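Scroll down for the structure; my scribbles are underneath it.
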Ligand code: NAD
Ligand code: MG
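Residue numbers (our numbering): 578 to 872.
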C-alpha cells in the first residue's frame with residue numbers, strides 16, 4: 578500500500594540541539610534516516626565503483642548505503658572528526674559484501690582533494706561514479722557578520738573542491754561514467770540567512786550544466802540533485818539558527834508536505850542518476866523539496 582507522504586517519516590517538532598560543525602549524526606535526536614533499515618537494492622549498480630564525498634552522514638550516507646545495496650563498491654570521504662559516523666557506514670557497506678574504503682580528509686585543501694581521488698581509484702581499482710555530496714552551511718542573519726574566513730571556506734568546500742576532484746577523476750573515468758553533484762533548492766529560492774551558501778549552490782548548478790556539455794562527447798553524464806529541507810547534521814550544527822530547528826521543514830521553510838525530508842528519500846535519485854536507466858539524462862537538476870518551488 579502506498580503511504581501518505583506527510584506521515585511517512587518523522588513529522589513532529591524537532592528538539593533544539595546544537596553541535597559544533599560538522600556535527601555527528603549518531604548523536605542527533607532523532608537520528609536521520611539514511612535507509613539503514615529500509616533501502617532495498619535490485620542490482621542497478623552491479624560492479625560499479627563509486628567515490629562519495631560526505632558519505633559518513635545525511636544525504637551522502639544514504640547514497641553510500643543505497644549504492645552498496647545496488648552492488649557497487651564504495652569509497653567515502655568525510656572529515657576526520659566524523660570517524661564514528663563513517664565506521665557505521667563501513668559496516669553497512671561490508672554487510673552487503675561490497676568493498677568499503679574510508680578516506681578521511683579536508684576538501685578545502687587542493688592537495689588533499691586530488692590525492693583523495695587518486696587513492697579512491699587505486700583502492701577501488703577504477704572509478705565510474707563520482708558523487709559529490711560534501712557541503713558546508715552556516716546561517717548568517719546579517720551580511721555585515723559574514724567573515725571572509727567563512728566566505729572562503731564555504732566556497733572552497735562546496736565549489737572549488739568539485740573542480741579539483743573532477744579534474745583528477747576524468748582521466749580514470751570510462752565511457753558510461755556518471756558525475757553527480759549536490760546543489761539545493763537554495764540555488765533557486767535562496768533563504769535570507771544563507772548568502773554565501775546559496776551562491777555556492779547556484780555555482781554548482783552552473784558547473785554541472787557546463788560539464789554536462791563538455792563531457793557528453795566522452796560518454797560521461799553530469800547531473801545534480803537539489804534537495805529541499807532535509808534532516809541532517811548540517812542543519813543542527815549552524816546551518817539553521819536553533820530557533821528554526823523545531824519547525825524545520827514545517828514552517829522554516831514552510832513546505833507543502835509539512836515536514837523535513839529524510840536522507841533516504843533521496844537514495845533513489847542518486848541511484849537513478851548513476852544507473853543505466855538514466856542513459857539519456859545529462860545536464861539535469863533533480864529536485865526533492867517537499868513541494869517548495871525549486872526552479
Ligand atoms: P551532513 O552534515 O550529513 O553532510 C555534509 C557532509 O559534508 C559532512 O558529513 C562532512 O563529511 C562533509 N564536509 C563538510 N565540510 C567538509 C570539508 N571541509 N572536507 C570534507 N568534507 C566536508 O549534511 P547533509 O544535509 O546530508 O549535506 C549533504 C549535502 O546536501 C551538502 O552538500 C548540502 O549542502 C546538501 N543539501 C542539504 C540540504 C538539507 O536540508 N540537509 C538541502 C539541500 C542541499
Ligand atoms: Mg557528517
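In this text, a Cβ means the ideal position worked out from N, Cα and C, and glycines have one as well.
All figures in this text were calculated on a predicted structure; none of them were measured in a lab.
Bounds of any beta strand (DSSP E) do not take in residue 773; it lies within the alpha helix (DSSP H) bounded by 772-792. Around the beta carbon of residue 579, fewer than 16 other beta carbons lie within 10 angstroms, which makes this residue exposed.
For the set 860, 808, 761 and 775, the Cα lying nearest the Cα of residue 839 is the one of 808. Residue burial is scored here from C-beta neighbours: residue 631 has at least 16 other C-beta atoms within 10 angstroms and is therefore classed as buried. In the DSSP assignment, residue 626 falls within the unbroken beta strand (DSSP E) covering 626-630. In this structure, residue 865 places its C-beta atom within 9 Å of the C-beta atom of residue 802. When the Cα atoms are used, residue 863 and residue 707 turn out to be separated by approximately 16 Å. In the DSSP annotation of this structure, the continuous segment of the beta strand (DSSP E) that includes residue 863 starts and ends at 862-865.
Residue 585 counts as exposed, since fewer than 16 other C-beta atoms from the protein chains shown sit within 10 angstroms of its C-beta. With a threshold of 8 Å, the Cβ atom of residue 827 does not count as near the ligand NAD, since no heavy atom of the ligand is closer than that. Taking the Cα of residue 596 as reference, the smallest distance to any Cα among 860, 770, 619 and 659 is reached at 659.
At a threshold of 8 Å, residue 656 counts as near the ligand MG, since its beta carbon sits closer than that to one of the ligand's heavy atoms.
When the Cα atoms are used, residue 605 and residue 617 turn out to be separated by approximately 24 Å. Under the DSSP definition of a beta bridge, residue 801 partners with 758 and 862. Rounded to the nearest whole angstrom, the C-alpha separation of residue 867 and residue 805 is 7 Å. DSSP places residue 717 outside both helix and strand once states are collapsed to three, so it counts as coil. For residue 783, the distance from the CB to the nearest heavy atom of the ligand NAD is not below 8 Å. Here the alpha carbons of residue 799 and residue 785 stand approximately 6 Å from one another.
By the beta-carbon neighbour count (other beta carbons within 10 angstroms, threshold 16), residue 642 is buried.
Taken through DSSP and simplified to helix, strand or coil, residue 736 comes out as helix.
Going by beta carbons, residue 625 and residue 649 fall inside the 9 Å limit. Distances from the alpha-carbon of residue 699 to those of 679, 763 and 853 put 679 closest.
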